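Top line first, the protein sequences correspond to chains Z and V. Under my numbering, think of the first position of the first sequence as 1094, with each following residue one higher. Under my numbering, think of the first position of the second sequence as 1094, with each following residue one higher. Each remark here refers to the structure printed beneath this line.
There are 2 protein chains.
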Amino acid sequence: MDEETLQAALNTADVLCAQRGVRFTAQRRRVLELVCRAERPVGAYEILGQLHTGATAAPPTVYRALDFLLEQGFVHKLETLHAFIGCTHPEHPHASQFLICADCGRVKELESEAVAGCLRSAAQETGFHPKRPVIEVLGTCAQCTHKAKKV
Amino acid sequence: MDEETLQAALNTADVLCAQRGVRFTAQRRRVLELVCRAERPVGAYEILGQLHTGATAAPPTVYRALDFLLEQGFVHKLETLHAFIGCTHPEHPHASQFLICADCGRVKELESEAVAGCLRSAAQETGFHPKRPVIEVLGTCAQCTHKAKKV
DNA sequence: CATTTTTCGAAACATTATAACAGTTGTGCG
DNA sequence: CGCACAACTGTTATAATGTTTCGAAAAATG
C-alpha cells in the first residue's frame, strides 16, 4: 500500500470510528499503519517487533489492537498464514475471498458476490446458517506465473 | 463415524495405499483411526494424548502421520480450528467445503462443484492459478438452529 | 471531581508446529 | 541370504502463535 492509499485508509478508519462511537487510539492506529504499509501479510509478532514505542510491547498489546481492527473490518486475518492484511474497502461489511500467491507472498482480496452467494446457498441447502465464511485460495498469481514461464 | 464406516475407511485407505505404492504403517493407521472415531475435529495434541502405545509419542510422530494422511487425502485439515477430520470420500481427489457448527462443533463436508467452479473462475479472471482452495464456513448447523428456537 | 468503563502494561503460560539428528525397520537387488 | 539404501520412527529441543490474569492508567460519563 503506497503512502497516499495509507493516509486515505487511516482517515477512513478515523471517520468510521467516530461514526461508530468507538475509540481509534494511537496504539490501534499505529498497528493499522504497520499492517497497511506491508506489501504482504504480516504476523502478529512481526508487528510486535516494529512497535518499539518507548514502552515495551507484549503480545497482548498487538492482539488487542488486531482484535479491534478485525471487529471494525479494517484488517483481515488470513487463517492459512496466521497473518493479517489491511482491508481494501473497509467502508462496508463484506465477505471476501483471498488469493494468496505461494511464490511472491502477495495477496489479492476479491469480493465476488457470485462466490459468496453460491457458497451461502450451498450451505443453506443443508439447513446450515452461515456466520463467517473463510475463503482463501493458495496458488500462483498472474505475475509469478508469467515469470515462471520465462525461466 | 460409526464402527462400520470406520472399518470401511480403514480398508479403503489400505487399498489406496497399496495401489499407490505407499506404506500404510501401524502408526498411520492408528492416527487415522483416532481421527475418524471422533465426532468432531481433533487437534494434533489431542491425538497425541491418545497414542499411549508402549513407546512414548512426541509431537513430530503425530504431525508426520497427519502429513501423510493429508497427502493421501484421507483426512482434511481445518485451518480455522487447527484440527483434523476424516475425509468422507477419499477415493478421488476433490475440493471440499466445510460447514463448521460453532455450537456443537460438528463439521459437515460439502463437495459442491458449483462452489468450487465459481471460485476457480473468479480467481482465474484475475490471472491467478489456484492450487489449494480453503473454504470453511463458521455458523450454526440445522440441528443447533432448531434447538435454539425451542429454548 | 468522583464514578464507571475502556484501554493499556506486564508477566506468565498455553497451544500449535518444526528442526535436527540418531536409531530402526522395511525393501529391493545382487 | 545379506548388504545397501530409503523410508519411517524416536527423542530432544525449540520456534511460532495465541491466551489468561491482574492491576494500573486514561478517558468518557454524570
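We put the beta carbon where it would ideally sit given N, CA and C, even for glycine. Model, not experiment: these values are computed from the prediction.
query	result
If you drop the 5 nearest sequence neighbours on each side, which residues of the same chain put their C-beta closer than 6 Å to that of Ala-1209 of chain V?	Ala-1188
Taking the alpha-carbon positions, what's the Ala-1101 of chain V to Cys-1129 of chain V distance?	11 Å
I'd like the ranges of any beta strand (DSSP E) spanning at least 3 consecutive residues and lying wholly in the region 1135–1213 of chain V.	1168–1171, 1176–1179, 1190–1194, 1200–1203
Does any residue of chain V bring its CB to less than 8 Å from the CB of His-1222 of chain Z?	yes
Quick one, which residues of the region 1207–1235 of chain Z are near chain V if we go by CB-CB under 8 Å, in chain order?	Ala-1207, Val-1208, Cys-1211, Leu-1212, Ala-1215, Ala-1216, Thr-1219, Gly-1220, Phe-1221, His-1222, Pro-1223, Lys-1224, Arg-1225, Pro-1226, Val-1227, Ile-1228, Glu-1229, Val-1230, Leu-1231, Gly-1232, Thr-1233, Cys-1234, Ala-1235
Any chance the region 1223–1243 of chain Z sits against the region 1148–1166 of chain V, with 3 or more Cβ pairs inside 8 Å?	no
Run through DSSP, which three-state label would Val-1227 of chain Z get?	strand
Going by DSSP, what residues sit across from His-1222 of chain Z in a beta bridge?	V:Thr-1233
With a 10 Å radius around its C-beta and 16 neighbouring C-beta atoms as the bar for buried, classify Thr-1173 of chain V as buried or exposed.	buried
Just the chain V side, please: which residues come within less than 8 Å of Glu-1172 of chain Z by C-beta, in chain order?	Glu-1172, Thr-1173, Val-1227, Glu-1229
Leaving aside the five residues before and after Ala-1241 of chain Z along the sequence, list all residues of the same chain whose C-beta is less than 8 Å from its C-beta, in chain order.	Asp-1196, Thr-1233
Is the CB of Ser-1205 of chain Z under 8 Å away from at least one CB in chain V?	yes
Checking 8 Å against the spacing of the C-beta atoms, do Ala-1106 of chain V and Leu-1125 of chain V come in under that value?	yes
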